[in-house]
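Q: Right, I'll just put the structure down here and ask away after.
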Amino acid sequence: MNEKISVAAAAVRRTWARPWAHRLRIWAAVLAVSLLGVFVGTMLFAQSQIAVGPFRADMSISPSIKGGTEVDIPPLGSLHLDSHDGPIHLKVDLGALDQERTEALIDDPTAISAAGQSAVDDVTKGVLQLGLRAMGAAIVCALILSALIFRNIRRVAAAGILALVVTGGSLALAVGTIRPDSVSEPRYEGLLVNAPAVVGDARRIADNYGRYSDQLQQLVSNVSRIYTTVSALPVFDPAGNTTRLLHVSDLHLNPSSWGVIETVIKQWDIDAVVDTGDIVDWGSGAETSYVSAIGQLGVPYIYVRGNHDSLAIQAAVARQKNAKVLDDSMVTVNGLTIAGIGDPEFTPDKSENPPGNADDLGSSPMLASGEKLATTIRESKTKVGMAMVHDPAMAPPLSGVVPLVLAGHLHKREVRMLAAPALEASPSAAPTPVPSPSATTQAPMETRLMVQGSTGGAGLRGLEDDEPTPLMMSVLYFDENQALKAYDDIQLGGTGEQNVTMQRKVIGTEPEPTTNPSVFSGVTPAIRPNNPPPSR
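Numbering (the numbering used here), first residue to last: 102 to 637.
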């Protein structure tokens with residue numbers, strides 16, 4: 102055995118001593134030194150400062166796997182844009198304010214518009230200069246390091262060429278993967294009270310700012326106004342035909358939820374709050390005092406009963422002066438008609454075993470309740486823009502009946518398109534009449550299901566896991582035609598945590614998958630005759 106090991110070691114030494122192996126080691130060392138020079142040069146010198154409106158913006162490039170852009174706006178927070186792919190990350194810091202430029206904006210009301218119009222050119226020029234600076238710094242650092250290590254002209258030149266290829270290729274990849282539409286869906290991190298001011302108005306972004314340059318101009322203009330007026334209030338006034346709803350769910354007796362809800366109502370200029378149930382834990386009479394905070398919110402509060410809410414709790418909500426309880430009924434807010442129905446079950450002990458077949462409309466109380474609301478909507482003479490239920494298992498019968506269904510219950514956020522309802526057929530059914538040539542064919546309505554997380558962090562139940570359940574809520578933006586244009590998903594860290602994040606989604610910017618309704622309590626929109634449900 103020792104002889105074999107000795108022979109193998111001798112073979113390795115002979116191979117390692119060959120000329121081609123020596124050259125390979127040298128070129129590997131040159132590559133490593135070149136990459137080290139690129140990294141050091143980029144981190145130390147790939148920085149520049151440009152004037153954008155009243156700001157002295159600090160821009161920098163750093164190595165990254167995911168790429169993207171970060172815009173820091175202290176003390177408001179930061180915007181994270183999925184603007185491009187790696188291997189470089191662009192950071193823009195708008196923290197430095199030029200006093201002379203700021204005073205000029207205050208003295209001249211038209212200066213803000215001018216600053217916004219020139220913002221794109223300023224940023225584009227700054228990014229170009231920063232890219233050239235990063236490339237030059239990387240090459241110079243690679244040359245210096247290789248000269249100190251190798252003291253060989255050929256190897257120094259090779260290190261410089263490799264640095265040029267690496268930096269040039271990285272910049273080319275970033276330019277080639279630019280996603281201008283990423284500005285329409287920024288992810289906000291920072292102080293909650295400033296989020297609307299930083300991100301802007303969803304209606305205007307959705308309808309008017311399809312181009313990257315226009316959105317960037319408005320973004321810089323908005324931030325400029327915040328600083329010049331020394332105010333944390335939202336910059337945009339909501340359009341006259343925009344309706345803003347705050348979707349909350351599953352408060353579960355968390356008293357801190359009311360303060361967060363009130364803050365969002367004020368900062369987003371909310372028209373009404375919609376609550377998809379489980380406002381308390383046990384439905385007891387002692388919990389009725391919890392809902393009295395509804396009357397202090399100052400906006401309509403639209404509510405459907407959850408499986409933890411008793412009829413006594415529902416009555417307590419109805420007694421609030423600004424509350425409207427929906428139980429197979431409808432209400433209209435700013436021209437938006439909302440239908441809703443309460444959960445057919447009362448299971449405060451968290452039991453989840455409904456009687457009957459969950460797939461059968463005749464025996465499933467969830468499907469039967471959803472079908473009852475669907476019938477009410479079909480028979481309504483008023484166009485209904487949105488439906489509210491508590492459990493997503495109630496939603497399948499509403500597919501194709503209403504464009505949007507809100508739900509809760511799951512304590513996690515999901516947004517999906519409901520599967521189209523199956524057409525029931527019968528052997529004895531009369532043949533379908535053939536439409537006349539003059540008849541118009543209307544495309545079937547698609548239904549989006551939006552399941553909200555727990556706005557109360559699931560109450561005390563949120564402390565059962567190792568990590569606290571985050572508090573979740575969403576701001577929904579509707580146009581004058583009752584169409585959902587965009588929504589802001591807001592998430593706050595659970596008990597003991599202080600982080601706040603917000604994600605904007607603009608409807609129509611990316612395809613949404615059609616869900617298999619079986620993920621929601623194993624139900625399907627309809628069961629075809631003579632076709633048994635799939636085995637589980």
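Glycine included, each C-beta is placed from N, C-alpha and C at the ideal position.
How many angstroms separate the CA atom of residue 581 from the CA atom of residue 349?
A: Taking the straight line joining both Cα atoms gives about 22 Å.
Q: Determine the extent of the beta strand (DSSP E) in which residue 377 is found, giving its start and end residues.
A: First-last for residue 377: undefined, no H or E at that position.
Q: Count the other CB atoms within 10 Å of the CB of residue 412; is the residue buried (16 or more) or exposed (fewer)?
A: Counting Cβ neighbours within 10 Å, residue 412 comes out exposed, since fewer than 16 surround it.
Q: Is it buried or exposed for residue 342, if we count other Cβ within 10 angstroms and need 16 for buried?
A: Its Cβ having fewer than 16 others within 10 Å, residue 342 is exposed.
Q: Spatial neighbours of residue 121 within its chain, please: CB distance less than 8 Å, with the 5 preceding and 5 following residues excluded, ordered by chain position.
A: Cβ neighbours of residue 121 beyond the five flanking positions: none.
Q: Excluding five sequence neighbours on each side, which residues of the same chain lie with their C-beta closer than 6 Å to the C-beta of residue 430?
A: Excluding residues within five positions, none has a Cβ falling inside 6 Å.
Q: Could you give the DSSP three-state label for residue 512: helix, strand or coil?
A: Reduced to three states, the DSSP call for residue 512 is coil.
Q: Express the C-alpha separation of residue 389 and residue 383 in angstroms, rounding to a whole number.
A: Taking the straight line from one Cα to the other gives about 10 Å.
Q: Which one or two residues does DSSP pair with residue 248 in a beta bridge?
A: Beta-bridge pairing links residue 248 to no other residue.
Q: Please say whether residue 271 and residue 166 have beta carbons closer to each other than 8 Å?
A: Contact: no.
Q: Can you tell me whether residue 223 is helix, strand or coil according to DSSP?
A: Residue state, collapsed to three classes: helix.
Q: Which same chain residues, not among the five before or five after residue 539, have their C-beta less than 7 Å away from its C-beta?
A: At residue 539 the pLDDT is 43, less than 50, meaning the model places this residue with poor confidence and gives no usable figure here.
Q: Hey, quick one: how far does the alpha helix (DSSP H) through residue 265 stretch, first residue to last?
A: Unbroken alpha helix (DSSP H) run through residue 265: 254-277.
Q: Count the other C-beta atoms from every protein chain shown that fall within 10 angstroms of the C-beta of residue 169, then say buried if there are 16 or more, exposed otherwise.
A: Result: buried.
Q: On the three-state DSSP scale, how would you describe residue 312?
A: Residue placement at residue 312 cannot be trusted, given a pLDDT of 40 that sits under 50; the coordinates are not used to answer.
Q: Report the three-state DSSP secondary structure of residue 363 (helix, strand or coil).
A: Helix at residue 363.
Q: Return the chain-ordered list of same chain residues with a C-beta closer than 8 Å to the C-beta of residue 372, the five sequence neighbours on each side being excluded.
A: Counting only Cβ-Cβ distances below 8 Å, and skipping sequence neighbours, we find 344, 345, 346, 400, 401, 434 and 435.
Q: Taking Cβ positions, are residue 440 and residue 488 nearer each other than 8 Å?
A: Yes, the Cβ-Cβ distance between residue 440 and residue 488 is below 8 Å.
Q: Once the 5 residues before and after residue 376 are set aside, which same chain residues still bring their CB inside 6 Å of it?
A: Once the five neighbours on either side are set aside, the close Cβ partners of residue 376 are 349 and 404.
Q: Return the chain-ordered list of same chain residues with a C-beta closer than 7 Å to the C-beta of residue 164, the five sequence neighbours on each side being excluded.
A: Same-chain partners within the cutoff: 140, 143, 188 and 189.
Q: Shortest alpha-carbon distance to residue 417 belongs to which of 432, 161 and 385?
A: Nearest of 432, 161 and 385 to residue 417, Cα basis: 385.
Q: If you draw a straight line from the alpha carbon of residue 444 to that of residue 491, how long is it in whole angstroms?
A: So the two alpha carbons sit approximately 6 Å from each other.
Q: My guess is that residue 548 and residue 503 are in contact by the Cβ rule of under 8 Å, so how many angstroms apart are they, rounded?
A: Indeed they touch by this definition, with Cβ atoms about 6 Å apart.
Q: Leaving aside the five residues before and after residue 261 along the sequence, list all residues of the same chain whose C-beta is less than 7 Å from its C-beta, in chain order.
A: Closer than 7 Å at Cβ, skipping near neighbours: 240, 243 and 244.
Q: Looking only at DSSP bridge pairs, what is residue 429 linked to?
A: Paired residue(s): none; residue 429 is not in a bridge.
Q: Please determine, among 428, 378 and 602, the residue with the shortest C-alpha to C-alpha distance to residue 470.
A: Here the closest residue by C-alpha is 428.
Q: Give me the DSSP bridge partner(s) of residue 150.
A: For residue 150, which the question treats as bridged, DSSP gives the partners 159.
Q: Once you ignore the five residues that flank residue 550 on each side, which residues in its own chain have a CB closer than 6 Å to its CB?
A: Cβ within range, chain order: 496, 506, 517 and 519.
Q: Taking all protein chains shown into account, do 16 or more other C-beta atoms lie within 10 angstroms of the C-beta of residue 134, making it buried, or fewer, making it exposed?
A: Result: buried.
Q: If I measure Cβ to Cβ from residue 510 and keep anything under 6 Å in the same chain, skipping five residues before and after, which residues do I get?
A: Hits under 6 Å: 491 and 492.
Q: Using the beta-carbon count (16 or more within 10 Å), is residue 126 buried or exposed?
A: Burial call: exposed.
Q: Measure how close the beta-carbons of residue 131 and residue 259 come, nearest whole angstrom, since I'm counting them as under 8 Å.
A: Confirmed, Cβ separation roughly 5 Å.
Q: Buried or exposed: residue 480, going by 16 or more other Cβ atoms within 10 Å of its Cβ?
A: Counting Cβ neighbours within 10 Å, residue 480 comes out exposed, since fewer than 16 surround it.
Q: Using the three-state DSSP reduction, which class does residue 339 fall into: helix, strand or coil?
A: In this prediction, residue 339 has a pLDDT of 46, which is less than 50 and means its spatial position is unreliable; what the coordinates show is noted afterwards. Reduced to three states, the DSSP call for residue 339 is coil.
Q: Could you work out which residue in 276, 498, 267 and 367 is closest to residue 191 when comparing CA atoms only?
A: Comparing Cα-Cα distances from residue 191 to each of 276, 498, 267 and 367, the minimum goes to 276.
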